[in-house]
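Colleague:
There are 2 protein chains.
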Amino acid sequence: MNDISGLFGIQYPIVQGGMIWCSGWELAAAVSNAGGLGTIGSGSMYPDVLREQIRKCKSATVRPFAVNLPLIYPQVADHIQIILEEKVPVVITSAGNPKMYAETFKTAGCKLIHVVSSSKFAIKAQDAGCDAVVAEGFEAGGHNGREETTTLCLIPQVVDAVSIPVIAAGGIADGRSMLAAFALGAQGVQMGSRFVACEESSAHDAFKQAVIAAKEGDTHLTLKEITPVRLLNNPFADQVKMAYHSGATNDELKALLGRGRAKKGMFEGDMIEGELEIGQVSARLGHVFSAKQIIDQTMMDFKAAVQKLSL
Amino acid sequence: MNDISGLFGIQYPIVQGGMIWCSGWELAAAVSNAGGLGTIGSGSMYPDVLREQIRKCKSATVRPFAVNLPLIYPQVADHIQIILEEKVPVVITSAGNPKMYAETFKTAGCKLIHVVSSSKFAIKAQDAGCDAVVAEGFEAGGHNGREETTTLCLIPQVVDAVSIPVIAAGGIADGRSMLAAFALGAQGVQMGSRFVACEESSAHDAFKQAVIAAKEGDTHLTLKEITPVRLLNNPFADQVKMAYHSGATNDELKALLGRGRAKKGMFEGDMIEGELEIGQVSARLGHVFSAKQIIDQTMMDFKAAVQKLSL
Numbered sequence: 000m001n002d003i004s005g006l007f008g009i010q011y012p013i014v015q016g017g018m019i020w021c022s023g024w025e026l027a028a029a030v031s032n033a034g035g036l037g038t039i040g041s042g043s044m045y046p047d048v049l050r051e052q053i054r055k056c057k058s059a060t061v062r063p064f065a066v067n068l069p070l071i072y073p074q075v076a077d078h079i080q081i082i083l084e085e086k087v088p089v090v091i092t093s094a095g096n097p098k099m100y101a102e103t104f105k106t107a108g109c110k111l112i113h114v115v116s117s118s119k120f121a122i123k124a125q126d127a128g129c130d131a132v133v134a135e136g137f138e139a140g141g142h143n144g145r146e147e148t149t150t151l152c153l154i155p156q157v158v159d160a161v162s163i164p165v166i167a168a169g170g171i172a173d174g175r176s177m178l179a180a181f182a183l184g185a186q187g188v189q190m191g192s193r194f195v196a197c198e199e200s201s202a203h204d205a206f207k208q209a210v211i212a213a214k215e216g217d218t219h220l221t222l223k224e225i226t227p228v229r230l231l232n233n234p235f236a237d238q239v240k241m242a243y244h245s246g247a248t249n250d251e252l253k254a255l256l257g258r259g260r261a262k263k264g265m266f267e268g269d270m271i272e273g274e275l276e277i278g279q280v281s282a283r284l285g286h287v288f289s290a291k292q293i294i295d296q297t298m299m300d301f302k303a304a305v306q307k308l309s310l
Numbered sequence: 000m001n002d003i004s005g006l007f008g009i010q011y012p013i014v015q016g017g018m019i020w021c022s023g024w025e026l027a028a029a030v031s032n033a034g035g036l037g038t039i040g041s042g043s044m045y046p047d048v049l050r051e052q053i054r055k056c057k058s059a060t061v062r063p064f065a066v067n068l069p070l071i072y073p074q075v076a077d078h079i080q081i082i083l084e085e086k087v088p089v090v091i092t093s094a095g096n097p098k099m100y101a102e103t104f105k106t107a108g109c110k111l112i113h114v115v116s117s118s119k120f121a122i123k124a125q126d127a128g129c130d131a132v133v134a135e136g137f138e139a140g141g142h143n144g145r146e147e148t149t150t151l152c153l154i155p156q157v158v159d160a161v162s163i164p165v166i167a168a169g170g171i172a173d174g175r176s177m178l179a180a181f182a183l184g185a186q187g188v189q190m191g192s193r194f195v196a197c198e199e200s201s202a203h204d205a206f207k208q209a210v211i212a213a214k215e216g217d218t219h220l221t222l223k224e225i226t227p228v229r230l231l232n233n234p235f236a237d238q239v240k241m242a243y244h245s246g247a248t249n250d251e252l253k254a255l256l257g258r259g260r261a262k263k264g265m266f267e268g269d270m271i272e273g274e275l276e277i278g279q280v281s282a283r284l285g286h287v288f289s290a291k292q293i294i295d296q297t298m299m300d301f302k303a304a305v306q307k308l309s310l
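Quick note, the sequences are listed as chains A and B, same order. Here the first sequence stands for residues 0 to 310, where the numbers follow numbering that gives the first Met the number 0. Here the second sequence stands for residues 0 to 310, where the numbers follow numbering that gives the first Met the number 0.
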């Protein structure tokens, strides 16, 4: 057991990333039951849906789980109220400053992790009172930092900058990449894309199949002027590229993005018109597994990789 | 000793990247004398200069060293002739297909390494008869792959795709990042930026100082439509950014880039008008060290990191 496992009361220092439209209670409970920290992604949920998801998760696992809370979402106050009422053990905040909420969570006995993309934000998170940070590199799927620092460069910098435990994210999908993160000084890993292509994920099966079919170079970071996001290449992503090439304004890009694109792609399975958020590491995924298979295999490969290095 | 050390007859599996304007014979000989594989970067040299550099290197070290050979350069045939005549022990080709030259080098007893940015190119290099590949990620300085795959994602993919040894490059500057590369299956590392900020590097001191002063987010990958290159932010890089924002054509970008920009910046120390090629990992460098200090410290930290992981 290391600091991350002890801090959150989990068996293995593996956090499942909270992902819109992919990580409901089934995935979160399955990951927690398998010994990791499962996470409900609240970013795609109305408050009443979030409450229902938390209750279902609690009835499906007695182990700790987390709710991911993007702080820029309009209904964040309602979400926080529900998280506190439902006594969620761990909250993972992202996309904003956790400072104004940290005291509330800590008073309620809720552990707080914040997602950062730079050591500057990691220091801010530590100063705000966070228990740990997730440091997420350029290769990660979904929304992403503007500085484009990769996980390999980011983790040692964050580890050196803060004294709280660091959980590495971006490009991690198996035991080898987990060991690489630990070599850099991380004490835990967060895996997102790997858990999209998971039996218990709420992603549409068409999206899961597209994820495991992805090859090197099949994702790219785009919409940097609005909110940087890593997408799987598809006709919608091509439309965005063409808009850039024709010199589209930010307003035109926003109009193209529209509303509901992510739901359409990831949840409803529209591989043409939908927005498909996924990490570079999708190129390394070949099968859809259960959460338990993913965690067991990761730990087995991690131990084998440690042995190999110690020769 | 591992495969890479045995293959090239070196003490430590650390390759110094060949870098235009920064890696002349002084750096190459110093790295080889310290137990790594020093590399003369021929990309910025006329043939007669390359011959002189090789001869000086041979007189300064009895150990193996390499010449980096960008295959797209106009005088590549002259360079190859000189490399063969001077019996250079190792050639590291980049920016092109090594297939048409592999037989020539192998017949002459010269070991051949090719630099790749994808597993597709790694397989081609293996099929061409290369002894090893350098797999270089998005975070690396200088010219870079179009697919933007980061070192953390790239290395396991390349390792799984080929049976020849893989040397990891991009984001590696110390023992921790070297261990991370080994965890991913690499058998050696190549460090570029770390050796720019090195006493024996031929980079201008103003550039060395700018490199060790760099912070997170101070480099970015640009000129993707021409040849992707990672630059340190400076007024010249700002000009390139502004050209993009105003919708410059490729010809206009090429005209802005002009000739001699890299020499002006990296070798002559013009921090305003010069092109400054460097990797993201520059943000992690705080001092200029000798080549021997860099290699000794890297190996010491590597062993300490292995011990820490085995606990």
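C-beta atoms are modelled at their ideal positions from N, C-alpha and C, and glycine is treated no differently.
Is the segment 122-141 of chain B close to the segment 122-130 of chain A, with three or more CB pairs under 8 Å?
Modeller: No contact exists between the segment 122-141 of chain B and the segment 122-130 of chain A.
Colleague: For a quick check, are the C-beta atoms of A/Gly174 and A/Met299 less than 8 Å apart?
Modeller: It is a contact, given that the beta carbons lie within the stated cut-off.
Colleague: Is the shortest distance between the beta-carbon of B/Cys21 and the beta-carbons of chain A less than 8 Å?
Modeller: Judged by the 8 Å Cβ criterion, B/Cys21 is not in contact with chain A.
Colleague: Comparing C-alpha positions only, which one of A/Gly278, A/Leu230, A/Glu267, A/Gln279 sits nearest to A/Leu256?
Modeller: For the residues A/Gly278, A/Leu230, A/Glu267, A/Gln279, the minimum Cα distance to A/Leu256 belongs to A/Leu230.
Colleague: Name, going along the chain, the residues of the segment 276-309 of chain A whose beta-carbon falls closer than 7 Å to a beta-carbon of chain B.
Modeller: Against chain B - using a Cβ distance shorter than 7 Å - the residues of the segment 276-309 of chain A are Gln279, Val280, Ala282, Arg283, Ala304, Val305, Leu308, Ser309.
Colleague: With DSSP collapsed to three states, give me the class of B/Val48.
Modeller: Correct three-state label for B/Val48: helix.
Colleague: Given a cut-off of 8 Å on the beta-carbon distance, is the pair B/Val287 and B/Glu198 in contact?
Modeller: Contact flag set, yes.
Colleague: Please go through the same chain and pick out, in chain order, the residues whose beta-carbon is closer than 6 Å to the beta-carbon of B/Thr36, but skip the five residues on each side of it.
Modeller: Here the sequence assigns Leu to residue 36 of chain B, which means Thr is not the residue at that position. So the qualifying residues of the chain are Phe7, Ile9, Val14, Ala65.
Colleague: Does B/Phe151 get closer than 8 Å to chain A when you measure Cβ to Cβ?
Modeller: For the sequence presented, residue 151 of chain B should be read as Leu rather than Phe. Closer than 8 Å: yes.
Colleague: Check whether the Cβ atoms of B/Ile3 and B/Ser22 lie closer than 8 Å to each other.
Modeller: No.
Colleague: Below 7 Å CB to CB, which residues in the same chain sit around B/Asn32 once its five sequence neighbours on both sides are set aside?
Modeller: Result list for B/Asn32: Thr60, Arg62, in chain order.
Colleague: Please list the partners that A/Gly136 has in chain B, where partner means a Cβ-to-Cβ separation under 8 Å.
Modeller: Within 8 Å Cβ-Cβ: Thr149, Leu151.
Colleague: Would you list the one or two residues that DSSP bridges to B/Ala134?
Modeller: B/Val115, B/Ala167, per the DSSP bridge assignment.
Colleague: Please give the ranges of any alpha helix (DSSP H) in the segment 220-275 of chain A, keeping only runs that are unbroken, at least 4 residues long and fully inside the region.
Modeller: For the segment 220-275 of chain A, whole alpha helix (DSSP H) runs of length 4 or above, ordered along the chain, are 234-244, 249-256.
Colleague: Can you pull the chain B residues whose beta carbon is under 9 Å from the beta carbon of A/His219, in chain order?
Modeller: By Cβ distance, chain B contributes Glu146, Glu147.
Colleague: Does B/Pro155 come out as helix, strand or coil in the three-state DSSP assignment?
Modeller: The answer is helix: DSSP assigns B/Pro155 an H, G or I state.
Colleague: Using beta-carbon positions only, say whether B/Ile271 and B/Phe235 come within less than 8 Å of one another.
Modeller: It is a contact, given that the beta carbons lie within the stated cut-off.
Colleague: Starting from B/Thr103, trace the alpha helix (DSSP H) both ways and give me its first and last residue.
Modeller: Note, B/Thr103: alpha helix (DSSP H), 98-106.
Colleague: Would you say A/Leu252 faces chain B, with C-beta separation under 8 Å as the test?
Modeller: Not closer than 8 Å to any Cβ of chain B, the Cβ of A/Leu252 fails to qualify, so no.
Colleague: Alpha carbon to alpha carbon, how far is B/Ile81 from B/Phe194?
Modeller: In a straight line, the C-alpha of B/Ile81 is about 25 Å away from that of B/Phe194.
Colleague: Quick check: B/Ile122 and B/Ile166, are their CB atoms within less than 8 Å of each other?
Modeller: Against a cut-off of 8 Å, the Cβ pair of B/Ile166 and B/Ile122 comes out as no contact.
Colleague: Relative to the alpha-carbon of A/Lys291, which residue among A/Ala29, A/Ile19, A/Gly5 has its alpha-carbon at the smallest distance?
Modeller: Residue A/Ala29 is the option with its Cα nearest to A/Lys291.
Colleague: Measure how close the beta-carbons of B/Glu215 and A/Ser117 come, nearest whole angstrom, since I'm counting them as under 8 Å.
Modeller: Contact holds; Cβ gap of about 5 Å.
Colleague: Going by DSSP in three states, A/Ile293 sits in which element: helix, strand or coil?
Modeller: In this structure, A/Ile293 counts as helix in the three-state DSSP scheme.
Colleague: Just grab the DSSP bridge partners of B/Phe15 for me.
Modeller: A small correction: the amino acid at residue 15 of chain B is Gln; Phe does not occupy that position in the sequence shown. Per DSSP, B/Met190.
Colleague: List the residues of chain A whose Cβ lies closer than 8 Å to the Cβ of B/Gly216, in chain order.
Modeller: Within 8 Å Cβ-Cβ: Ser117, Arg145, Glu146, Glu147, Thr148.
Colleague: Quick one: which unbroken beta strand (DSSP E) runs of 3-plus residues sit fully inside the segment 19-83 of chain A? Chain order, please.
Modeller: Counting only runs of 3 or more, we get 37-40, 64-69.
Colleague: Where A/Leu83 and A/Gly108 are concerned, what is the direct C-alpha to C-alpha distance, given to the nearest angstrom?
Modeller: Between A/Leu83 and A/Gly108, the C-alpha separation is close to 9 Å.
Colleague: For B/Arg341, return the contacting residues in chain A, with the cut-off set at a CB-CB distance below 7 Å.
Modeller: The displayed coordinates of chain B run from 0 to 310. Any statement about residue 341 of chain B would go beyond what the structure contains.
Colleague: With 7 Å as the C-beta to C-beta threshold (strictly closer), list the residues of the segment 232-247 of chain A near chain B in chain order.
Modeller: So the list reads Gly246, given in the order they occur along the chain.
Colleague: Would A/Ala179 pass as an interface residue toward chain C - the criterion being a Cβ-Cβ separation below 8 Å?
Modeller: The structure shown has no chain C; the protein chains it does contain are A and B.
Colleague: Can you pull the chain B residues whose beta carbon is under 8 Å from the beta carbon of A/Gly5, in chain order?
Modeller: Within 8 Å Cβ-Cβ: nothing; A/Gly5 doesn't reach chain B, min ~15 Å.
Colleague: Express the C-alpha separation of A/Ile277 and B/Val48 in angstroms, rounding to a whole number.
Modeller: If I take the Cα positions, the gap works out to 48 Å.
Colleague: Can at least three beta-carbon pairs, one atom from the segment 88-102 of chain B and one from the segment 178-197 of chain A, be found at a separation below 8 Å?
Modeller: No: fewer than three Cβ pairs fall under 8 Å.
Colleague: Apart from the five residues on each side of it in sequence, which residues of its chain come closer than 8 Å, Cβ to Cβ, to B/Gln238?
Modeller: Excluding sequence neighbours, B/Gln238 sits near Leu255.
Colleague: Between A/Ser93 and A/Gly184, what straight-line distance do the alpha-carbon atoms span, to the nearest angstrom?
Modeller: In a straight line, the C-alpha of A/Ser93 is about 22 Å away from that of A/Gly184.
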